[in-house]
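Numbering (my numbering), first residue to last: 8 to 121.
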């Protein structure tokens, strides 16, 4: 599992210091590129050597900034319908593909993917 988002480097450091169990913890600040730029998603793939593009799922709460660009990058895109951004999203901007209201449902959904 990894964490990547549009955040300052201090957030990366705080997550590591807190002992968050993640294989990668990266931010837009450390990569020098922010979502929805396709290069952000390319950085995720570069940080996960040994994984195929189809084995990477990106979970986000914004269709425009997370889900659609991740899908365009070839990742499995998951729309997490919670928080202020998710509530403001216009579903007509694109089909989210997989959508969840509870992050706890993610493992079961991922196990059903080909």
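Just so you know, even glycine gets a beta-carbon here, dropped at the ideal spot from N, CA and C.
Problem set entry | Limits of the beta strand (DSSP E) - the one that residue 12 falls within | Here residue 12 corresponds to residue number 5 of the chain shown, with the count starting at 1. Per DSSP, residue 12 belongs to the beta strand (DSSP E) from 9-12.
Problem set entry | Beta carbon of residue 63 nearer than 9 Å to that of residue 50 | Within the chain shown, the letter at position 56 stands for residue 63. Within the chain shown, the letter at position 43 stands for residue 50. Against a cut-off of 9 Å, the Cβ pair of residue 50 and residue 63 comes out as no contact.
For this session: Tell me whether residue 73 is buried or exposed, calling it buried when 16 or more other Cβ atoms sit within 10 Å of its Cβ.
Result: Translated into the one-based positions of the chain shown, residue 73 becomes position 66. Residue 73 should be labelled buried.
For this session: Name the one or two DSSP bridge partners that residue 83 has.
Result: Within the chain shown, the letter at position 76 stands for residue 83. In DSSP, residue 83 forms a bridge with 64.
Exercise. In the DSSP assignment, what residue or residues form a beta bridge with residue 34?
Worked result: Numbered from 1 along the chain shown, position 27 holds the residue referred to as residue 34. DSSP output for residue 34 lists 12 as bridge partner(s).
For this session: Please state whether DSSP places residue 53 in a helix, a strand or coil.
Result: The count along the chain shown starts at 1 and reaches residue 53 at position 46. It is helical.
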